[in-house]
Structure formats: C-alpha cells, structure tokens
C-alpha cells in the first residue's frame, strides 16, 4: 500500500504541538493472488484507503536535517527505492522551526519531540495495526542526531536505529537508558561540518566524536573486543562483537552527505529490517 501524506497528517492526535507534519508510507498487501497494491492518502484529516493489508507492517521514521524539509529528505534519502517501499510504513515528520531536540538551535524542550513521535506511533497503530516490535528510526545530520535521541531514550519502543552523518551534540546522548538497541552509525571521515573526531559549532556547542558515541553503545550493547573490519564499496564496515544487540559503524572518506557509495539507503534498510524488540 502506498500512503501519501501531506500537511497536518494525523490531525486527530491530540496535543501534538506542530503546525504541520509530513509523512509518506508504503507497505505490501499480500493476497492469495500475490502482491496487490492499494492506495491510501491523507491530506489534513481526510483519508481514503483501500482494504487494510493482511500483513502487519513495520514502521520506519525518517528525520530530516536542520533547515531541511521532510519532502527533500524523502527525495535524497531514497528510502522509497529500497525494500522499505514494499515492506514498511515510512513516516517523515516535520520538526518545529526545522530543528530536532538535542541540537543547540532546537526551540523545543527536551522530551517534546519524543512525545510527538510516540503520539504519531499510537495514531498510526490505531489506523493500520502496525508491528510494534519493528519500529525503526533513521536520519541525516540533525535528523541523525534525532535518531540518536530516539535510541537514547526510546529503546523500549524502537527496535533499531541508523544515523547517517549525524549531528551528535552532547545532549543527544545524555541520560540514556541502559537498555541495548541495535545501532548503525554511518559517517564520513572527511565530514567538514560534523567532524568525525568531534568539535564545536553554533556558538561553541560541543558535539561528540563518532568513536565516543560508538563506545557508549559498545557499553550498552555488551560489545567486547575489536570490531571485524571489512572493505565495502567506497568505505569500511566495522562490526562489533556484541552480547546484547548489534552495533555497526560504516566509514567513508566523504563530506557531510547522505552517501550513495557506500549506498546509505540500502545499508540503512538492510540493517534495520532484521531488527526486532
């Protein structure tokens, strides 16, 4: 099923302090005759849909970067070109003033965006009966930071997280749950905006080095020892030996981008789709 959602999606959700959110979703309807597409469209509070899917779909959240738009993130992340287009409800929410919590430019208080996301999940589940054991998060830049916020605080709701070129300001990894969560971190060693080894931006706000973030998840996920490092097209894959949940780091020499080589879109979905609570 292809769900095209535009401004004010899920207006039925009470107390969501947003002027608008944007989302797109897709899943597969399986019948005895095979795969049957159906269409549902949400614009404001109006909805038109074909019969609900027989399979219970997972949910994939895609968080855009600072000053970006959900529509643009959907376009360049190309998640609709992966298996997620056939298998998952994809949701691209809109942040207030184009900045997610945890970043120095965010206008929301800590926890407000998390509440917003959990309300979306509840509303989508009421409408589509989604697989609550397979809810995933991904994002780029500030959206990668929001992915880390979700992984930090909502590992009991999200089955996996994948951040690409994340803006990991200190608050995104502060006060985290001890519960493990599968995490894929993809970052360019040549990233001049959010440097691989950390630094300061936005009036001196500190952001974490990628290895520091990785080490915090090594602890949470029970990872001991050196990673297995393999070459992949355009970069390297670091797979950590973990007793609790999976942890991967993908590195490449590129700048601050949602990279095509290695293919971030395919890597994200291939990692997330196998994770379950």
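Numbering (our numbering), first residue to last: 28 to 304.
Glycine included, every Cβ here is placed at the ideal spot set by N, Cα and C.
Keep in mind that this is a model prediction, so the values were computed, not measured.
Are there 16 or more other CB atoms within 10 angstroms of the CB of residue i, so buried, or fewer, so exposed?
i, result
"residue 134", "exposed"
"residue 44", "Its pLDDT being 40, under 50, residue 44 is placed unreliably by the model, and nothing is read from it."
"residue 255", "exposed"
"residue 138", "exposed"
"residue 253", "exposed"
"residue 286", "buried"
"residue 95", "buried"
"residue 246", "exposed"
Sort out for me which residues DSSP pairs residue i with in a bridge.
i, result
"residue 258", "263"
"residue 119", "According to DSSP, residue 119 bridges with nothing at all."
"residue 88", "118 and 164"
"residue 275", "211 and 266"
"residue 196", "234"
"residue 187", "163"
"residue 228", "232"
"residue 203", "Paired residues: none, contrary to the question."
"residue 179", "None; residue 179 has no bridge partner."
Would residue i and residue j qualify as a contact pair, given that the criterion is a beta-carbon distance under 8 angstroms?
i, j, result
"residue 87", "residue 115", "yes"
"residue 199", "residue 129", "yes"
"residue 212", "residue 241", "yes"
"residue 168", "residue 265", "no"
"residue 303", "residue 149", "no"
"residue 300", "residue 110", "yes"
"residue 260", "residue 289", "yes"
"residue 193", "residue 216", "no"
"residue 160", "residue 117", "no"
"residue 119", "residue 93", "no"
Report, in whole angstroms, the separation of the C-beta atoms of residue i and residue j, which I expect to be a contact under 8 angstroms.
i, j, result
"residue 231", "residue 196", "Not really, about 11 angstroms apart at Cβ, beyond 8 angstroms."
"residue 163", "residue 85", "7 angstroms"
"residue 214", "residue 227", "17 angstroms between Cβ atoms; not a contact."
What are the complete beta strand (DSSP E) segments, minimum 3 residues, inside the segment 101 to 151?
Whole beta strand (DSSP E) segments, 3+ residues: 116 to 118.
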